[in-house]
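Student: Mind having a look at this structure? Questions to follow.
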Amino acid sequence: MRRLLILLPPLGWLLLLVAAPLLILGLIAFAEAGPGVPPFLPPVGWAGGPVWQGSLESLGMLLADAYYLESFLRSLLTAFLTAALCLLLAYPMALGIAGARPSWRLPLLLLVLLPFLTGFLPRVGAWIGLLRDGGWVNGVLGLAGVGPLRLLYSDLALYLGMVHAYLPFAVLPLATALLRRDLSLEEAAADLGATPFTVFRSVTLPLSLPAAASAFLLVFIPAAGEFVIPELLGPPEAQLVGRVLWGEFFQNRDWPLAAALALALLVVLLPPILLFQRLGRRG
Amino acid sequence: MALLAVEGLTKRFGTALALDGLGLEVRRGEFLALLGGSGSGKSTLLRLVAGFEAPDAGRILLEGRDLAGLPPHARPVGMMFQSYALFPHLSVFDNVAYGLRRERVAPAEISQRVGEALAMVGLEAMAGRKPHQLSGGQRQRVALVRSLVKRPRLLLLDEPLAALDAGLRERTGLELRALQRRTGAGFVMVTHDQAEALALADRIAVLEAGRLAQCGPPAELYDRPATRFVARFLGAANVLEGRVGADGVVEAGACRLALRHDAAPGEALAVALRPERIRLLPGPPAAANAVAGVLRDLAYRGDGWMALVALPDGAELRVALPAGAAPPEPGSRLLLGWSAEALVPLRA
């Protein structure tokens, strides 16, 4: 009884804010689009009894139209590259934080988190101001007689924005893991004749791989559904799932297709999410 | 030439002085125990010799060569860690082979030497296991042969037995010494356990507050402690604080101590007296080397009793009573005596 009372708030939370919306999303995905408010016919109607009036058209469309498949592949590729770039930058940062003198560690970690104190949109806006044709970067390049270059609405801008936004998610798990590592293992390796580089290659790096995988997934999973950064910084042809979904929902008002896209994205991201959870349990 | 010589070694951590001008020598093929309480600097000494820390002053010479500036991986010194520091992602075989691979030893020779090393401690069958699949005693032996397989002339051991159960500790300690004899390497073992040091070491160096209090064979340290600290640390001796009288006899409260010493009359002199060297006397006390007291407390030790006897001047003597005879009742009056040879003058 007491266990039930303790479990009630989180269970209620999950039911209300995860299960119920997911159910509604699923229902809309199987519905037929139509004029009206909301712009679809419920998949199950009532005519003296429950009547199936839904359709598999939206879900079928995802497979039939290469446009959607491509947007998925593009999103996964973008998320993969973003996560890889974040990992590449985060590892030395985390190593530096873990290796810093104790009184420096917290300030350094806070510096990594500092961007979170400003809003997300101002940060993206700042990139626009830096990169646009008349922006600061092109201004400086112009002084050197170069440009103006097309920096904004390019893959460069897209990845700059993505890495900038997601880097802290990669630094944090890596820094915690590297801070907690057993330094005597590295001393033992050095004592057995390993040079500092060999110590890193044969002990530090392999032992931090689970944390690196966590960091990778922690960036990859949200980055795959990212909408704002591709929309504001990316090239117009970068039709990622998030943008496509947004377009279907707000511009085409095709809620069933948008719901189908959201559902498909969830299914695609399920394996990495489960992998992340397994890594978390092991760590 | 000594295998290892440290001279005037000083190390500060912030304001704390871990080593204070320490001087010490380790002989070739010797098993030396570094004995001291926590904070005595014994582990710091190992870390300085291994190269994990740099000294603030002083020199470390290995076979006459100054190790200053040499990084740990370039020092021909092995170290066994208290936590064992086995690589959790490598098998037992790969753990032991790690050091040989760094020396670029040929693969065939690696598997031969690792096989021999594991056979030496009876772990051939465990070569494929990961450290977490081993018992504590097995991990200890893997850590030991991992550092021995490189055939270092000097092996530093940081509390190698501390993590083992009491039952396993004695046997493992004897195995440790047998391995040391077989390999001929110099062993420097840090320990805070005096029984371990007495049982295993050729010589014991007692450290106190970053300085060498005394260094010598176990029997010498036990029978002739040089300082109050050594007397109390090894075997928990009674320390009697007295003053030399005109007749040369030391007056220490209620006790008159007749012993050989070279202090002048009037000088203060502390004298160590081991609990097991004190006897119960049948008759009235003699003029010197005897005292009457009241039994305050009694603790059973299995092989005898430890008695706390209150002296008339308020001091207490620890007295070891042999088992067998019925112990006296607490509160009863005891006459205690000892021979002149049982008394050891202390210089500090």
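These protein sequences, in sequence, are chains A and B.
Quick note: the first sequence uses the numbering used here, first residue 2, plus one each step.
Quick note: the second sequence uses the numbering used here, first residue 2, plus one each step.
No residue lacks a Cβ here, since even glycine has one placed at the ideal position from N, Cα and C.
(1) Please classify glutamate 342(B) as buried or exposed, where buried requires at least 16 other C-beta atoms within 10 Å of its C-beta.
(2) To test your reading of the DSSP string, which unbroken alpha helix (DSSP H) runs of 4 or more residues are found completely within the region 96–135 of chain A?
(3) So the alpha helix (DSSP H) leucine 142(A) belongs to, where does it begin and stop?
(4) Less than 7 Å separating the Cβ of glycine 100(A) from some heavy atom of the ligand SAH?
(5) So for phenylalanine 94(B), helix, strand or coil by DSSP?
(6) Exposed or buried, what is valine 268(A) when buried is set at 16 or more other beta-carbons lying within 10 Å of its beta-carbon?
(7) Starting from phenylalanine 188(B), follow the beta strand (DSSP E) in both directions and report where the run begins and ends.
(8) Is alanine 32(A) helix, strand or coil by DSSP?
(9) Name the residues in the region 82–95 of chain B whose C-beta lies less than 9 Å from a C-beta of chain A; which are they?
(10) Opposite leucine 241(B) in the DSSP bridges: which residues?
(11) Buried or exposed: where does methionine 1(A) fall if 16 or more other Cβ atoms within 10 Å of its Cβ makes it buried?
(12) Can you pull the chain A residues whose beta carbon is under 8 Å from the beta carbon of tyrosine 99(B), in chain order?
(13) Taking 8 Å as the limit between beta carbons, can you name the residues of its chain near phenylalanine 26(A), skipping five residues before and five after?
(14) DSSP three-state call for alanine 17(B): helix, strand or coil?
(15) Should threonine 177(A) be flagged as near chain B, meaning a C-beta pair shorter than 8 Å?
(16) Could you check what DSSP says for glutamine 181(B) in three-state terms: helix, strand or coil?
(17) Is it the case that the region 154–169 of chain A contacts the region 189–196 of chain A, given that we only count it when at least three CB pairs across the two stretches are under 8 Å?
(18) At a CB-CB cut-off below 8 Å, which residues of chain A make contact with lysine 43(B)?
(19) Among all the DSSP beta bridges, which residues are the ones paired with glutamate 215(B)?
(20) Measure from the alpha carbon of arginine 103(B) to the alpha carbon of each residue in Ala164(B), Pro323(B), Ser148(B), Gly30(B), then state which is nearest.
(21) I'd like the span of the alpha helix (DSSP H) that includes aspartate 156(A), first residue to last.
(22) Closest Cβ-Cβ distance between leucine 208(A) and chain B: below 8 Å?
(23) Ignoring anything shorter than 4 residues or poking outside the region 4–88 of chain A, list the alpha helix (DSSP H) runs there in chain order.
(24) Assuming proline 73(B) and glycine 100(B) form a contact by the criterion Cβ under 8 Å, report the distance between their Cβ atoms to the nearest whole angstrom.
(25) Are any of the Cβ atoms in chain A nearer than 8 Å to that of glutamate 110(B)?
(26) Which residues, taken in chain order from the region 137–160 of chain B, show a beta carbon closer than 8 Å to some beta carbon of chain A?
(27) What are the uninterrupted segments assigned as alpha helix (DSSP H) that are 4 or more residues long and contained completely in the region 146–178 of chain B, given in chain order?
(28) Please decide whether arginine 130(B) counts as near chain A, where near means a Cβ-Cβ distance under 8 Å.
(29) Could you name the residues of the same chain whose beta carbon sits closer than 6 Å to that of glycine 203(B), not counting the 5 residues immediately before and after it, in chain order?
(30) Any Cβ of chain B within less than 8 Å of the Cβ of serine 155(A)?
(31) Which two residues bound the contiguous alpha helix (DSSP H) that contains glutamate 404(B)?
(32) For the beta strand (DSSP E) that contains valine 251(B), what are its first and last residues?
(33) State the start and end residues of the unbroken beta strand (DSSP E) segment that holds glycine 59(B).
(34) Could you check which residue in Arg334(B), Asp304(B), Leu337(B) has the C-alpha nearest to that of alanine 326(B)?
(35) So what's valine 229(A) in DSSP terms, helix, strand or just coil?
(36) Leucine 280(A) CB to nearest chain B CB: under 8 Å?
Tutor: So, from the listed chains and residues:
(1) exposed
(2) 103–114, 121–132
(3) 137–144
(4) Questions concerning the ligand SAH fall outside what the structure shown contains, since it holds no ligand whatsoever.
(5) helix
(6) exposed
(7) 187–192
(8) coil
(9) Phe82, Gln83, Ser84, Tyr85, Ala86, Leu87, Phe88, Pro89, His90, Leu91
(10) Val272(B)
(11) In the structure displayed, chain A extends from 2 to 284; residue 1(A) sits before or after that span and is not available.
(12) Ala190, Leu193, Ala195, Ser203
(13) At residue 26(A) the sequence reads leucine, which differs from the phenylalanine that was named. Hits under 8 Å: Ala260, Ala263, Leu264.
(14) strand
(15) no
(16) helix
(17) no
(18) Near lysine 43(B) there are no residues of chain A at all, since even the closest Cβ is about 17 Å away, more than 8 Å.
(19) The sequence as given places glutamine at residue 215(B); glutamate does not occur at that position. In the DSSP output, where bridge partners are listed per residue, glutamine 215(B) has Val207(B).
(20) Ser148(B)
(21) 156–181
(22) yes
(23) 21–30, 58–65
(24) Contact doesn't hold; Cβ gap of about 12 Å is too wide.
(25) no
(26) Arg147, Ser148, Lys151
(27) none
(28) no
(29) This sequence places aspartate at residue 203(B); glycine is not what is there. Result list for aspartate 203(B): Glu31, Phe32, in chain order.
(30) no
(31) No answer is possible for residue 404(B): the residues shown for chain B start at 2 and end at 349.
(32) 251–253
(33) 58–63
(34) Asp304(B)
(35) helix
(36) no
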